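If you read the protein sequences in the order shown, they are chains Y, S, C and H.
Each step along the first sequence adds one to the number in our numbering, with nothing skipped, and position 361 is 361.
Each step along the second sequence adds one to the number in our numbering, with nothing skipped, and position 260 is 1094.
Each step along the third sequence adds one to the number in our numbering, with nothing skipped, and position 45 is 1411.
Each step along the fourth sequence adds one to the number in our numbering, with nothing skipped, and position 150 is 1616.
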Amino acid sequence: MVGETLRNLLLIAWLLPLCGFAVEIFGGFWGSRRSRVAAWLAVGCIATGFVCSASALTIWGNANGWSVLHHAEHHADETAADGHVAHDSVTPPAPETLAAADAHADAAAKPAAEPDAQKPQDSSAAATTAHNDSADHDHQHTAASPAARTVYSGTFYRLATFGSLELSLDYYIDSLTLVMFTMVTFIATCIHLFAIGYMSEELTEEYVDHHAHLRNGHHVHRPGRFYRFFAFLSLFCFSMLGLVLAGNIFQVFIFWELVGICSFLLIGFYTERKSASTAANKAFIMNRVGDFGFLIGLMVVWTYFGTFKFADTVDVDGHVVQAGLFHMLPRAADGNVIINPENGEVQIGAAAANPGNTHKTIPYYLLVVAGLGVFAGCIGKSAQFPLQTWLPDAMEGPTPVSALVHSATMVAAGVYLTGRFYPMFVQEVLLTIAYIGCITAFVAATIAIVATDIKKVLAYSTISQLGYMMLGLGVFGWGAGLFHLVTHAFFKSLMFLCSGSVIYGCHHEQEMPKMGGLWRKMPITAFTMLVGVMAIAGLAVPGLVGPGFGQLFAFSGFHSKDAVVATALAYVQANPAHFLLFILPLITAGITAFYMFRLWFYTFAGTPRDHHVYDHCHESPLIMTGPLLVLSVLAAYCAWGGEQGSLYLLITGDQPAYVSHGIPAVAGALTMPGHDAVHAVHHQAGTYALIAAFSGTFLAWLLYGSGKVDVAEIKRQLGGVHGFLANKWHFDELYDALFMRPTHVVGRFCASIDRLIFDAILHGSAAATVLVAKWDRAFDEKVVDGLVNLLGNATWSAGNSLKVLQTGRLRQYVMFIVAGVVALFGVLLATFPR
Amino acid sequence: MNPLFLLSILIFLPLVGAALLLIFDERNADAMRFWSLGVTLLTFIFSVVLWCQYNPAEGMLVADVCEWIPSWNIYYRLGVDGISLPLVVLTGLVSTLAMAASWSITKHVRGYLILFLMLESGMMGVFLSLDFFLFYVFWEVMLLPMYFLIGVWGGPRKEYAAIKFFLYTLAGSVLMLIAMLMFYFASGSQADSFNLLALAQKASQGGLMSPGTQITAFLLLFIGFAIKLPAFPVHTWLPDAHVEAPTPISMILAGVLLKMGGYGIIRIAFPLCPYGAQYCAWGLVAIGVVSIIYGAFAALAQTDFKRLVAYSSVSHMGYVLLGLAIWKINETTGETMNSDYWQMGLNGAMFQMIAHGISSTGMFFMVGVVYDRVHHRDLNKFGGLMGLMPLYSGLAAGLFFAGLGLPGLCGFIGEVFVVISTWSFSPMLAVLSAAGVILTAGYILWAMQRVYLGAEYRGPHPEALTPSNGRENAVAAILLGIAIVLGVYPAVLFDVMEPSIKAMATAAAEGYRHSHAEAQAAAGQAQAALNR
Amino acid sequence: MSLDAYLLVGAVLFVCGVICMATKRNGIGVLMGVELVLNGANINFVAFSKYTQLGLDGQIFSLFVIVLAAAEAAVALAIALNFYNNHLTIDVDRASKLKG
Amino acid sequence: MSNALLISAASAPGGNLLFFVFALAACLCAVAVVAAQTVVRMAFWLVLSLGSTAALFFLADADFVGAAQLLIYVGGTLVLLVFGVMLTASGPYLKISTSPGEIVLGSAVALLFLFVVIASISGVNWPAPAVADAGDLQTTAGNTLRPLGLSFLGTRPDLDLADGDQLSPGYLLPFEIVSVHLLVVLIGAAYLARAKRRATGT
């Protein structure tokens, strides 16, 4: 029952924006261009969605007695008490088991749970299949699962069936889904509201686009497209929620593409601007490059596992008809994937349940390929190195879009998928993820230092932060990465909205060098922005961070970044060869603080640099500042309590079983730090990160806030570096030379092959045929016709010469007759002489 | 209505309609157009009735068998199953919509309409006939109207395009004719020597042809069908034919005619020569992949809007070939491996045919709409249509996205199903085919940017760019609606196709096993002789 | 009397008729030649009737010939008159329209 | 000369003489027709020739035929011809001369033809009539009117029909046909003659 309720609630939250889209897109027909109805419709849809999501989260929590929160407190206490016990034990208890035990102790869980829970520990092979985070329908769960039921899955409808292969639209609801749903719908609601104000300029029949020029030098005049913006936003919300709700990786891919196209539509919202449409194309195509990898991953998964579903499929009797992906990969009790040492293949667990699957094993390297493939999709979507270049260009879209799509949700989908698909990633893949994230974080942060466009800075900061998340996931910080994802969604959307407010107030001026001192004109924006900046910089008041009200001095970014850095430190301690995975993020943390404060000082502090901008600048209306204030509170305190806080615990409530206790190294492989290892270095890492953040902040203040240092002079002295960074490490040029141009060349080549070779062959053969035909004609005319004509002519002339015999004279005819008779007689007599 | 009777109606209704056109007044063009639209619409309704009455579980619905040329065992034999039924409905639909798009034809209207209806008749006949000879006759019947429709009502280089089209297709059908004769003689001139069902059954028991002959016959058939498909490298007729053909004919050409190639492969080539098909499978897949990549690259380089869409057809139909041919066998036993994946590929290919029939019909129509207004197709001289013709541009964007393979629209299902089922056949080719998605996105988005987006229109006749009228909107909206339905709920199509395709695949696999054993035995004997 | 004698007379008449037809330019003369030819034939019939097994049949045939000759003469005369009216002469050499 | 006389002369041994006389007359008159220069003379000689022929018919026991010859030919046809001559000729002594070469050629060919015919006649061995039949014919010699009339009515008294063949092969039908034919011809001749007059009149 709970499962159905959750499904229905989320279904409503998911489909409402689609209905909204279907109505809003025709806003030009049913409403005036000055009408805000479309916007309120969109807001209504997404707000209802938020209510549904929040209710679903509550129902989910009530159904399992909020066991995730309880268990975590106990668990934290336990690990704090004897941190090394769990780490050293050969078969550490699965967290679910603990959860069940705790829940039992709280008299909130099923009485029969504990005996069942012991079974999995007996055999390592069975352990994987019996983990309960997989289970399907409620009733089945009651019997089989030891812990509180927290995962619900099922099928909406079937797309196609081929023998034993089945593709369908499924749902998979666990704590991560619910948190994402709530987060996305909430932020989307705020941004929708903000956008009503921000996009109000479109409420006109005659909108003048100052960034688009006609050939005669005039600006483009066009009707406002207010309704269309909200239609696209609604469509985006639908796609994003579908992505989160998806119960199989194929469905994820479907919505993956859909959010991509929504992003395309929204980036290219100002269709008249060449830069906008180019950026939209770039975004979509680069995403497609990632999706190319995604497809490869899908192929491998589909070919070897025969299903896309995350969860097991069960029939009405509770038997597993088909195992889900998450239970196919056999893991030993310590969390390592079991490899057959002889042939390097991995037995596919529960394969017997997949009758149509002819592959019983999968080569280990293909697991790596599959993981890297899916992660390639995440690289594209989350703008990771080397596909990061589209995201800054995507800032061509309206700022609310940047806030919602290109910072808070869609780009985070890559991180979300990495987290969602985590059980399928083997450690080589995770290492790749970690390095990619690490490089991305660093590269993007360095570029952000020199960016002057306020939105570009935020864009690079987004890339950088996404890199952090990937890093967190890569270094086995499943919870840390996703934690950062959620907190980042709040503070980055806040900052984008603030920048939107600034841009709106400054009449679409985005260049920071023309701003300065704006805090006097727009105090709310400046204040909320500061909250966001502090959050992202990871600032906290040292010594005061602690339980209870100590949390007031630590913003969300501090907690989540702390978690990531701590995990990275633990990882590096276990695997010293990969020390960069800690050093670079630490440096990046400093850079982050530097460029974010640079942004703030540049924009809001100091003295106005361009008085024209300053004089016309004004604070935004309430409909825009309201969401800012709400978001600023959440950006600051959504992570209340850090890793013991409810947000983190909710996110990690259904984390993969083997994550929390880490994976010990086997045969030269990597060691994955468990929670305990992370916890052990937490304070140390936190301290390092805080130092870095403060250094960055101080430097930013020194350069941009104090006014004591001539920034231009520094820029001049570091001209080479500055140019390199300002040109974004020349990635665009590189890709242009490496891919764009060759593609066009090959394209032209192909087209000319058609023209010059195939058609030439055709034309040649045609010409040859014509030539043969000409010879043929000559032969016909000269020889065949000649013979026939000869015969005709001969007949003609013979007749002509015999014509004279036909004199027409009666008497001659008589003569002829007589002569003929005589001749006949003569012949007779000569022939038959008597 | 009796479904068996329906099949004949589907074929001959357009012909009767064409004949009755003669009683119309030559000057009253609109009346004739409405009449033809009514005829095509009625045909479409009949095809939908057939769809509703067809039960997928029944398999092949054989109907209307009567003698035609008994001395040569030629029968008038019709039938429909899950493979042909969607194509029949697609033919009805595309014909109706193309007729609705025919209002822009003003030259020799009656002749045009008569040829158009004859063309529809031929297409229906191809999809419905179960007698090889009858199939061949309809194949040719459809060819001639097409030739005239391109050659008379086409663009500046219409004669060239028409002759190119005609010669290519004729070359293909000659090869098909040879193959047909091979089957005629292989069947021992028995009563069922042109009966596709009986031949297929014989082939599935390995009793029709020797393995070597099968390879020859398959290659002949395949080349014939590949020209129609069209597959690299025999595709060059397509861009020219499309560019020169009038809009409705382009719609028919892309929407239905190209499907005949794929249909022929799955209906004739595979069941009748399973050994040959499997023997050539890798080559087929490779050709498919090359078509995908090559077509996409070539599309990227085009400056003519219609030519770009034409090359996109080459690329998209590559997926069809790819999906059909991913038939992997165990080299030693001859058993088919991963038959579910092959079936997925087959189904995906069939779906891709339908999806391409919808999306590329729509794309050609959309190109035609602007061409009717400004009379040029130079991609570099467009721009800003989104502002001038908003509804049209929105619908066009939807249809182009369908062609791009956007989820939720029909193109995605076909492409992706084919691609993800390919890995089990050959990982390398699978990866290459997947790379097609990048290029597809590239050329379609770039074209859309140049045509629909931008600040202003840069070509001639800007004053002619009036918003699309109701008829145009209706055609596009219907196509887009179907694209969405198929994209969101593909099971509606798969449920019909899957049983028939499965039966075909099973029979073909069986046939291959028999022929494989035969070939193995022959090879063993040869080896033994060599050893001696 | 012998059959041969009759036949000889018939032959002479016949040949004379033929010469008439061949040499006379006057249309009426030609007609007379025809009558002679027919008479020659009649003599033969009658002779055969008397001297061979032909019996009465020969006489009947000759009767027919006589009658038909009369009819022929009538028609031929009509034609001759027509010809004369058209050409104002009876010279058959002028009637050469059938010349090849 | 009366018919009876001629008949008796023919049947008598002296009939040979009469035969030679009439045969010679017929032949010579025919030659005279050929040689005559004017149409009227031709007609004259023709009458004589035809009359001699009639006499020969009488000598050959074909009384009725001979009578018909005299009546129809000499009395009818020849008159018709003479009328023709009168209607067509500018004068009754009109001469349309033929070139001597043609006459020589024609005569040569004709003589050749005569030679051929005579050669044929002499070369053929004609079958003699059966004795009985000859006897029968002898009994009816000269009196052929009755058998001819009967045969025109469809019976053949001269044939032996002992075999019970009741329907003897007579000449009723040919007789009728010839009658109708004659009628048609006469009408046609009249029509032609009329038409010609009309043509000249207009």
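Glycine included, C-beta positions come from ideal geometry on N, C-alpha and C.
Nothing here was measured: the structure is a model prediction, and the numbers come from that model.
Range covered by the alpha helix (DSSP H) that runs through E733(Y): Residue numbering aside, residue 733(Y) sits at position 733 when the first sequence is read from its first letter. Run containing E733(Y): F731 to Y735, per the alpha helix (DSSP H) assignment.
C750(Y): contacting residues in chain S (beta-carbon distance under 7 Å): As a working note, residue 750(Y) is residue 750 in the first sequence. Result: Y1128, F1131, A1132 and A1135.
CB contact flag (K728(Y), I454(Y), <8 Å): Here residue 728(Y) refers to the residue found at position 728 when the first sequence is read from its first residue. Here residue 454(Y) refers to the residue found at position 454 when the first sequence is read from its first residue. Contact: no.
Beta carbon of P17(Y) nearer than 8 Å to that of Y198(Y): Within the first sequence, numbered from 1, the residue matching residue 17(Y) stands at position 17. Within the first sequence, numbered from 1, the residue matching residue 198(Y) stands at position 198. No, they are not a contact pair.
Residues bridged to V346(Y) (per DSSP): By 1-based counting over the first sequence, the position of residue 346(Y) is 346. According to DSSP, V346(Y) bridges with I362(Y).
Residue closest to N1410(C), alpha-carbon to alpha-carbon, out of W1511(H), A1528(H), F1510(H) and V1499(H): Your numbering for residue 1410(C) matches position 44 in the third sequence. Out of W1511(H), A1528(H), F1510(H) and V1499(H), A1528(H) has the C-alpha closest to the C-alpha of N1410(C).
Cβ neighbours of T150(Y) in the same chain (closer than 8 Å, five flanking residues each side left out): Taking the first residue of the first sequence as position 1, residue 150(Y) is located at position 150. So the qualifying residues of the chain are W60, N64, S67, V68, D133, D174, S175, G653 and D654.
Rounded separation between D676(Y) and C52(Y) - CA only: The count along the first sequence starts at 1 and reaches residue 676(Y) at position 676. The count along the first sequence starts at 1 and reaches residue 52(Y) at position 52. Going by C-alpha positions, D676(Y) is about 36 Å away from C52(Y).
Cβ shell of Y981(S) (< 6 Å), same chain only, five flanking positions each side left out: As a working mapping, residue 981(S) is identified with position 147 in the second sequence. Same-chain partners within the cutoff: A996 and F1000.
Range covered by the alpha helix (DSSP H) that runs through H1348(S): One-based indexing of the second sequence puts residue 1348(S) at position 514. Its alpha helix (DSSP H) spans residues A1325 to N1365.
Residue closest to H221(Y), alpha-carbon to alpha-carbon, out of P627(Y), F250(Y), L787(Y) and Y270(Y): As a working note, residue 221(Y) is residue 221 in the first sequence. For the residues P627(Y), F250(Y), L787(Y) and Y270(Y), the minimum Cα distance to H221(Y) belongs to Y270(Y).
Exposed unless 16 or more other CB atoms sit within 10 angstroms - verdict on A1598(H): Walking along the fourth sequence from the start, residue 1598(H) turns up at place 132. Only weak support exists for where A1598(H) lies, its pLDDT of 45 falling under 50; the value from the coordinates is given anyway. A1598(H) should be labelled exposed.
Spatially closest choice to S1147(S) from L1238(S), M1223(S), R944(S) and N907(S), by CA coordinates: One-based indexing of the second sequence puts residue 1147(S) at position 313. The shortest Cα separation from S1147(S) among L1238(S), M1223(S), R944(S) and N907(S) belongs to L1238(S).
Which residues DSSP lists as bridging M672(Y), in chain order: Taking the first residue of the first sequence as 1, we reach residue 672(Y) at position 672. I663(Y), per the DSSP bridge assignment.
Status (buried if at least 16 other CB within 10 Å, exposed otherwise) for N336(Y): Here residue 336(Y) is taken as the residue at index 336 of the first sequence, counted from 1. It is buried - the Cβ of N336(Y) has at least 16 other Cβ atoms within 10 Å.
Three-pair Cβ contact test at 8 Å for the segment 905 to 923 of chain S versus the segment 938 to 950 of chain S: no
Other residues of its chain near A1363(S): CB distance less than 8 Å, five sequence neighbours each side excluded: On the second sequence, residue 1363(S) is found 529 positions in, with the first residue counted as 1. Counting only Cβ-Cβ distances below 8 Å, and skipping sequence neighbours, we find nothing.
Within-8 Å CB hit, G1654(H) to chain C: Counting from 1 along the fourth sequence, the entry for residue 1654(H) is found at position 188. Judged by the 8 Å Cβ criterion, G1654(H) is in contact with chain C.
Status (buried if at least 16 other CB within 10 Å, exposed otherwise) for F1486(H): Residue mapping note: residue 1486(H) aligns to position 20 of the fourth sequence, counting from 1. Label assigned to F1486(H): exposed.
Exposure of H131(Y), with buried meaning 16 or more beta-carbon neighbours within 10 Å: Position 131 of the first sequence, counting from 1, holds the residue named residue 131(Y). Annotation note: pLDDT 37 at H131(Y) (below 50); position unreliable, no value reported.
Whole beta strand (DSSP E) elements within the segment 889 to 924 of chain S, 3-residue minimum: 895 to 903 and 908 to 914
A554(Y) versus F264(Y), I587(Y), V300(Y) and A535(Y), residue with shortest Cα-Cα distance: The residue you call residue 554(Y) lines up with position 554 of the first sequence. Of F264(Y), I587(Y), V300(Y) and A535(Y), the residue nearest in Cα terms is A535(Y).
Own chain, CB closer than 6 Å to F1131(S), minus 5 neighbours either side, in chain order: Reading the second sequence from its first residue, position 297 is the one you call residue 1131(S). The answer is none, since no qualifying residue turns up.
DSSP state of G1304(S) mapped onto helix, strand, coil: In the second sequence, counting from the first residue as 1, residue 1304(S) sits at position 470. Reduced to three states, the DSSP call for G1304(S) is helix.
Through-space distance from L518(Y) to Q384(Y), alpha-carbon basis: Position 384 of the first sequence, counting from 1, holds the residue named residue 384(Y). Position 518 of the first sequence, counting from 1, holds the residue named residue 518(Y). Distance between the alpha carbons of Q384(Y) and L518(Y) is about 33 Å.
Proximal chain H residues relative to A819(Y), where beta-carbon distance stays under 7 Å: Numbered from 1 along the first sequence, position 819 holds the residue referred to as residue 819(Y). Those are V1575, listed as they occur along chain H.
Bridge-paired residues (DSSP) for D1138(S): Mapped onto the second sequence, residue 1138(S) falls at position 304. Partner(s): D1212(S).
Interface residues of chain C facing Q1535(H) [CB-CB closer than 7 Å]: As a working mapping, residue 1535(H) is identified with position 69 in the fourth sequence. By Cβ distance, chain C contributes I1432.
Distance between G380(Y) and W30(Y) (C-alpha atoms, nearest Å): Position 30 of the first sequence, counting from 1, holds the residue named residue 30(Y). Position 380 of the first sequence, counting from 1, holds the residue named residue 380(Y). Rounded to the nearest angstrom, the two C-alpha atoms are 38 Å apart.
Contact check, S1027(S) vs L912(S), beta carbons under 8 Å: As a working mapping, residue 1027(S) is identified with position 193 in the second sequence. As a working mapping, residue 912(S) is identified with position 78 in the second sequence. With respect to L912(S), S1027(S) sits apart: the two C-beta atoms are not nearer than 8 Å.
Top-ranked residue by Cα proximity to L670(Y), from E272(Y), F731(Y) and V475(Y): Taking the first sequence and counting its residues from 1, one reaches residue 670(Y) at position 670. Per the Cα distances, V475(Y).
Burial state of S499(Y), where buried means 16 or more other Cβ atoms lie within 10 Å: Here the question's residue 499(Y) lines up with position 499 in the first sequence. Counting Cβ neighbours within 10 Å, S499(Y) comes out buried, since at least 16 surround it.
L497(Y) in three-state terms, based on DSSP: Residue 497(Y) sits at position 497 when you count from the first residue of the first sequence. Helix at L497(Y).
Own chain residues within Cβ distance below 7 Å of E166(Y), not counting five before or after: The residue given as residue 166(Y) occupies position 166 in the first sequence. R158, listed in sequence order.
S556(Y) and M470(Y) closer than 8 Å at C-beta: Reading the first sequence from its first residue, position 556 is the one you call residue 556(Y). Reading the first sequence from its first residue, position 470 is the one you call residue 470(Y). Not closer than 8 Å, so no.
Sufficient close CB pairs (3 or more, under 8 Å) joining the segment 1008 to 1023 of chain S to the segment 1079 to 1095 of chain S: no
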